[in-house]
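Residue numbers (this note's numbering): 3 to 361.
Please read the structure below before turning to the comments.
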Ligand SMILES: Cc1cc2nc3c(=O)[nH]c(=O)nc-3n(C[C@H](O)[C@H](O)[C@H](O)COP(=O)(O)O)c2cc1C
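Written out as structure tokens, the structure reads:
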């Protein structure tokens, strides 16, 4: 085996961390390492793999020779000597700089540990520390997001329990689990209407519609959440991005998106089922709606509300023999861009793809 690969096999955890920072994240040299590894003949593959640190195993293993290394596969077609020499030079240069890269990785890690402690503040209550805009007499922000006058609105059927197939709350809670495999069968508009009602439907308006009580709880009934839908398979609705209008119980069509399923999968770090669903719920927060009253407390409240909403989606999905799965592993900028929010005054908080499941 080439000595450079022997060295890679012997990297310790911190050196592996440095490898991934330097070779995969900060440069586009990752495929060169994979290429080099894939040039190993079967017996060498086994020796490399048996020596490799578990962290390296976790990060290097892949079933496709383009993106990962499979110790049990035969080497793919010979990429040519030139390519291999270039790849070896690049990885050798990484090995030569290893000591300084490990130092940098350690500094990075120390920073991350400090950030972890800082982030813990997010789960603490901060209610008494802030003079809110409401307290200062600033007028209340709009309770819902506006939409352009010429928008295409889609009427939703009145929410009804006629779509419900399992009505026992006991059974729905008992059966609830995260689903990551959906059939191609469409959802009906009545089922979508039911899921939207269950998650963000209005139960009661405040006087003059200055606010609303919904089917999920909200701190001070400030309702900072918005619901976007990436629709793939819903009867009578073209593929695209839509937004729920809870006050009207309608949808507003936002945009058609080419290759929506592929994009959603890519934007959730390759989780195929996030794209290959009937409809992906994408919840955003409009933080000022709640900051106006509770200031610093808003961040905690928003995350709690997302949890309430998604739990109702889990249970309502169970009741109509569909499945869902809360998703935090998504690319913030890409999803924000997909649904057209700026990431400052409104940002994606949580995703949950829904689809029909085998029963
Ligand atoms: C906040 C949160 C984020 C999650 N993110 C993901 C995710 O990105 N991908 C995924 O496959 N599952 C995700 N899940 C689902 C969990 O993996 C799942 O709830 C957990 O394994 C327990 O399984 P159960 O829901 O079937 O009980 C998430 C769940 C929660 C609550």
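Beta carbons are placed, not taken as given, at the ideal position from N, Cα and C, and that holds for glycine.
Nearest to residue 145 by CA position, among 220, 324, 86, is which residue? Indexing the chain shown from 1 puts residue 145 at position 143. The residue with the shortest Cα to Cα distance from residue 145 is 220.
Going by beta carbon distance, what residues of the same chain come within less than 6 Å of residue 154, once the five residues before and after it are set aside? Start at 1 with the first residue of the chain shown, and residue 154 comes out as number 152. 255, listed in sequence order.
Just the Cα atoms here: how many angstroms apart are residue 184 and residue 218? Position 182 of the chain shown, counted from the first residue, corresponds to residue 184. Position 216 of the chain shown, counted from the first residue, corresponds to residue 218. Residue 184 and residue 218 have their C-alpha atoms spaced approximately 26 Å apart.
Within this structure, are the beta carbons of residue 291 and residue 216 separated by less than 9 Å? Reading the chain shown from its first residue, position 289 is the one you call residue 291. Reading the chain shown from its first residue, position 214 is the one you call residue 216. Contact flag unset, no.
Taking residue 55 as the reference, which of 19, 35, 24 has the closest Cα? As a position in the chain shown, residue 55 is number 53, starting the count at 1. For residue 55, the nearest C-alpha among the options comes from 19.
Say whether the stretch 241-252 touches the stretch 300-315, bearing in mind that this needs 3 or more beta-carbon pairs closer than 8 Å, one atom from each stretch. Cβ pair count under 8 Å is below three, so no.
Simplified DSSP state of residue 21, which is helix, strand or coil: Position 19 of the chain shown, counting from 1, holds the residue named residue 21. Looking at residue 21 - three-state DSSP - the assignment turns out to be helix.
Would you kindly work out how many angstroms separate the C-alpha atoms of residue 239 and residue 233, rounded to a whole number? For the purposes of this step, residue 239 is identified with residue 237 of the chain shown, where counting begins at 1. For the purposes of this step, residue 233 is identified with residue 231 of the chain shown, where counting begins at 1. Our two residues, residue 239 and residue 233, have alpha carbons roughly 8 Å apart in a direct line.
May I ask you to check if the CB of residue 331 is nearer than 8 Å to at least one heavy atom of ligand 1? The sequence position of residue 331 within the chain shown is 329, counting from 1. It does: the Cβ of residue 331 is within 8 Å (strictly closer) of some heavy atom of ligand 1.
Same chain, Cβ closer than 7 Å to residue 187, neighbours up to 5 away in sequence not counted: The count along the chain shown starts at 1 and reaches residue 187 at position 185. Correct list, in chain order: 358.
Can you name the start and end residues of the beta strand (DSSP E) that residue 289 belongs to? As a working mapping, residue 289 is identified with position 287 in the chain shown. Per DSSP, residue 289 belongs to no beta strand (DSSP E) and is neither H nor E.
Between the stretch 52-67 and the stretch 10-24, can you find at least three pairs of beta-carbon atoms closer than 8 Å? Because the criterion of three Cβ pairs below 8 Å is met, the stretch 10-24 and the stretch 52-67 touch.
Are the Cβ atoms of residue 37 and residue 85 separated by less than 9 Å? Here residue 37 refers to the residue found at position 35 of the chain shown. Here residue 85 refers to the residue found at position 83 of the chain shown. Remark: C-beta atoms of residue 37 and residue 85 approach each other more closely than 9 Å.
Exposure of residue 302, with buried meaning 16 or more beta-carbon neighbours within 10 Å: By 1-based counting over the chain shown, the position of residue 302 is 300. Flag for residue 302 reads buried.
Check the DSSP bridge columns for residue 229 and list the partner residues they point to. Translated into positions along the chain shown, residue 229 becomes position 227. BP columns for residue 229 point to 285.
At what residue ranges does the stretch 329-361 contain a whole run of the alpha helix (DSSP H), taking only runs of 4 or more? Here the runs fully enclosed are 334-341.
Along the chain, where does the alpha helix (DSSP H) that runs through residue 134 open and close? Start at 1 with the first residue of the chain shown, and residue 134 comes out as number 132. For residue 134, no alpha helix (DSSP H) run applies, since DSSP gives it neither H nor E.
Could you tell me the distance, in whole angstroms, from the CA atom of residue 17 to the CA atom of residue 100? For the purposes of this step, residue 17 is taken as residue 15 along the chain shown, with counting starting at 1. For the purposes of this step, residue 100 is taken as residue 98 along the chain shown, with counting starting at 1. Near 7 Å, if we compare the C-alpha coordinates of residue 100 and residue 17.
Do residue 159 and residue 189 count as a contact pair if the criterion is CB distance below 9 Å? Reading the chain shown from its first residue, position 187 is the one you call residue 189. Reading the chain shown from its first residue, position 157 is the one you call residue 159. No. Outside cutoff.
Looking only at its own chain, which residues have a Cβ that is under 7 Å from the Cβ of residue 362, when we skip the five neighbours before and after it? The question about residue 362 has no answer here: the residues shown for the chain are numbered 3 through 361.
Which whole-angstrom value describes the C-beta separation of residue 325 and residue 132, a residue pair presumed to lie in contact below a C-beta threshold of 8 Å? Sequence index remark: in the chain shown, residue 325 carries index 323 (1-based). Sequence index remark: in the chain shown, residue 132 carries index 130 (1-based). Incorrect: roughly 40 Å between the Cβ atoms, too far for contact.
For the stretch 260-278 against the stretch 336-349, do three or more pairs of beta-carbon atoms, one drawn from each stretch, fall closer than 8 Å, so that the two count as touching? Touching, yes, given that three or more Cβ pairs across the two stretches are closer than 8 Å.
Burial state of residue 450, where buried means 16 or more other Cβ atoms lie within 10 Å: The structure shown does not extend to residue 450, since the chain is modelled only from 3 to 361, so the question has no answer here.
Which residue from 67, 194, 108 puts its Cα closest to that of residue 80? For this step, residue 80 is matched to residue 78 along the chain shown. Considering only alpha carbons, the answer is 67.
Suppose the cutoff is 7 Å on Cβ atoms and the five residues either side in sequence are ignored; what does the same chain contact list for residue 6 look like? Counting from one through the chain shown, the residue named residue 6 turns up at place 4. Within the same chain, residue 6 has close Cβ partners 90, 93, 94, 97.
Inter-residue spacing [alpha-carbon to alpha-carbon] between residue 106 and residue 112: Residue mapping note: residue 106 aligns to position 104 of the chain shown, counting from 1. Residue mapping note: residue 112 aligns to position 110 of the chain shown, counting from 1. The straight-line gap from Cα to Cα measures roughly 10 Å.
Using CA atoms only, rank isn't needed, just tell me which of 34, 299, 259 is closest to residue 126. Taking the first residue of the chain shown as 1, we reach residue 126 at position 124. Its Cα nearest to that of residue 126, the residue 299 stands out among 34, 299, 259.
Within a Cβ cutoff of 7 Å, which residues of the same chain sit near residue 124, ignoring the five residues on either side of it in sequence? For the purposes of this step, residue 124 is taken as residue 122 along the chain shown, with counting starting at 1. Same-chain partners within the cutoff: 301, 302.
If we count the other Cβ atoms within 10 Å of its Cβ and call it buried at 16 or more, is residue 273 buried or exposed? As a working mapping, residue 273 is identified with position 271 in the chain shown. Taking all protein chains in view, the Cβ of residue 273 is crowded by 16 or more other Cβ atoms within 10 Å, so the residue is classified as buried.
Take the Cβ of residue 29 as the centre, count every other Cβ of all protein chains shown within 10 Å, and call the residue buried at 16 or more, exposed below. In the chain shown, counting from the first residue as 1, residue 29 sits at position 27. Flag for residue 29 reads exposed.
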